[in-house]
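To keep things clear, I will list the structure first and then write my remarks on it.
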Amino acid sequence: MGRRKTLFSRPGRYLSGLLTALMVGLCPLSAFAQENITVEYDQLRQLLLDGNLDLKEANDSYEATKKNYQDLMEQMRQEQEYMKFLAEKYEDTEDEASYAASASMLGAQVSRLAKQIEAMNRKTRTLTVEENTDSYTMAAQSVMNSYNQMVLNAGAKEKSVQAAEASYEAAVKKQLSGAATAADVMEAADRLSQQRNLLSASRQQVDQLKFQLLSMLGLKDDGTVMIGTIPEPDLTEVDGVNYEEDKLRAVNNDSQVQSVRHSKAGTAAEIARKSKEEAEAVGNAEAEFLSIYHQLKEARLQYQAAADAYESARSVYDSLQLKKQAGMLSQTDYLEGEADYLQAVADRGGAAMNLQQALENYRWAVKGTQQMRQ
């Protein structure tokens, strides 16, 4: 597949180290020797200000701002559709939920960008550097999040391929000794082919997302840049959100609500129309914020389920290692167990990153990615 022109506690410390190790496994060691730049999550905003030409142009021109917002929205919409496609393609697999969650997060961001463009169409003005940078930072966070999830998935699938290879080789040997049929060998070969295809697709997604993120940041995808990890979600902040208080702030910061409130109304008819439009805008803003709040709560539940599953898988894996040391496991059984464990690690990491993205979306909604100031 070619590059598409689109976007898009102890366990925590353990996963961060594992993710770095998996990144090393996906890239040649020679490339790492040349690396001199690391893209860190908390530096995205400054990197965008330093290197994104579209953002710089947008900060200087209203028309450029509007066009770049439209381009950015279209890129994120395409990435959303791609995530939906992958969720359908890998239905009933461990990847479906991750792709579906990414599509949902991207959809929320597309909706907010659409509202910004609509507000800009109502009131011609050049947006501030802060407002423009907010939107680009929001998009870059989403792409970096998706990239890190794909890296984890690719690492888990790499081990699944090794397990499938060992299973296939064992089936061939058993057939030679009369302990397995040709059908058994064919079934093992099919599993191996499927795992290899999944790994190839994951690696392509890793490459595409890295290219997209570095392009946004104005950096070359030449092997000299490493992308850092996503921070663990702040569970205290997630569990302590005040919906009613935050809803009030989100509605007051909503671009459509502010646009209506700042519109002029002199006659009784104009005042009545403005009141009706404001009530409608407030209702829409409240409904959208409620949806984002529900996404945050759902991501929190999924994170807890994945964290619990990870702890269970870790216990099984510890037992697996003891059995291997005692010579009680075949290489095939060990690799399959290790692959299951790494998938649990990837699921837990993906759920953590989905929760982090949901929290970021909630923060952006409260702040308002475009505040209409007079």
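All the letters of the sequence shown, read from the start, carry residue numbers 2 to 375 under the numbering used here. We put the CB at the ideal spot given by N, CA and C, even for glycine.
Quick one, are the C-beta atoms of residue i and residue j less than 8 Å apart?
i, j, result
"Met145", "Leu114", "no"
"Ala251", "Val130", "no"
"Leu360", "Leu297", "yes"
"Ala345", "Tyr304", "no"
"Leu356", "Pro234", "yes"
"Ile228", "Tyr148", "yes"
"Asp222", "Lys211", "yes"
"Lys90", "Ala104", "no"
"Leu45", "Ala141", "yes"
"Asp348", "Ala282", "no"
"Gly219", "Leu323", "no"
"Leu107", "Gln71", "no"
"Arg197", "Ser168", "no"
"Val261", "Glu279", "yes"
"Tyr363", "Val242", "yes"
"Asn37", "Thr225", "yes"
According to DSSP, is residue i part of a helix, a strand, or is it coil?
i, result
"Val173", "helix"
"Thr39", "strand"
"Gly108", "helix"
"Thr129", "coil"
"Tyr91", "coil"
"Ser136", "helix"
"Asn53", "coil"
"Gly350", "helix"
"Gly369", "coil"
"Lys265", "coil"
"Ser168", "helix"
"Val25", "Per-residue confidence for Val25 stands at a pLDDT of 39, beneath the threshold of 50, marking its modelled position as unreliable; the derived number appears in the next sentence. It is helical."
"Gly284", "helix"
"Gly156", "helix"
"Ala102", "helix"
"Ala345", "helix"
"Ser178", "coil"
"Leu30", "Residue placement at Leu30 is flagged as unreliable, the pLDDT there being 36, under the threshold of 50; the coordinate-derived value follows with that caveat. Correct three-state label for Leu30: helix."
"Ser143", "helix"
In chain order, what residues of the same chain lie with their CB nearer than 8 Å to the CB of residue i, ignoring the 5 residues before and after it?
i, result
"Thr462", "The shown model of the chain, from 2 to 375, leaves out residue 462, and the question about it has no answer."
"Glu166", "Leu193"
Using the beta-carbon count (16 or more within 10 Å), is residue i buried or exposed?
i, result
"Asn154", "buried"
"Pro29", "Confidence at Pro29 is low in this model, with a pLDDT of 39, below 50, so its placement is unreliable and the value that follows should be read with caution. Burial call: exposed."
"Thr138", "buried"
"Gly369", "buried"
"Lys160", "buried"
"Leu302", "exposed"
"Ile231", "buried"
"Val162", "buried"
"Met329", "exposed"
"Ala109", "buried"
"Lys277", "exposed"
"Ile272", "exposed"
"Lys265", "exposed"
"Gly156", "buried"
"Gln76", "buried"
"Glu92", "exposed"
"Ala327", "exposed"
Beta-carbon within less than 7 Å of residue i's beta-carbon, same chain only, minus the 5 sequence neighbours each way: which residues are those?
i, result
"Ser201", "none"
"Gln430", "Since the displayed the chain opens at 2 and closes at 375, residue 430 lies outside it and no answer follows."
"Leu48", "Val40 and Leu218"
Leaving out five residues on either side along the sequence, give the residues of the same chain with a beta carbon under 6 Å from the beta carbon of residue i.
i, result
"Gly338", "Leu321"
"Leu87", "Tyr100"
"Asp341", "none"
"Ala1", "Any answer about residue 1 is impossible in this case: the structure gives the chain only from 2 up to 375."
"Ala352", "Gln303, Tyr304 and Ala307"
"Ala300", "Asn355, Leu356 and Ala359"
Start-end ranges of the beta strand (DSSP E) lying completely within the region 210-260, minimum 3 residues
The qualifying runs are 226-228.
Threshold first: 4 residues or longer. Then list the alpha helix (DSSP H) segments lying entirely within the region 311-341, N to C.
Correct list: empty.
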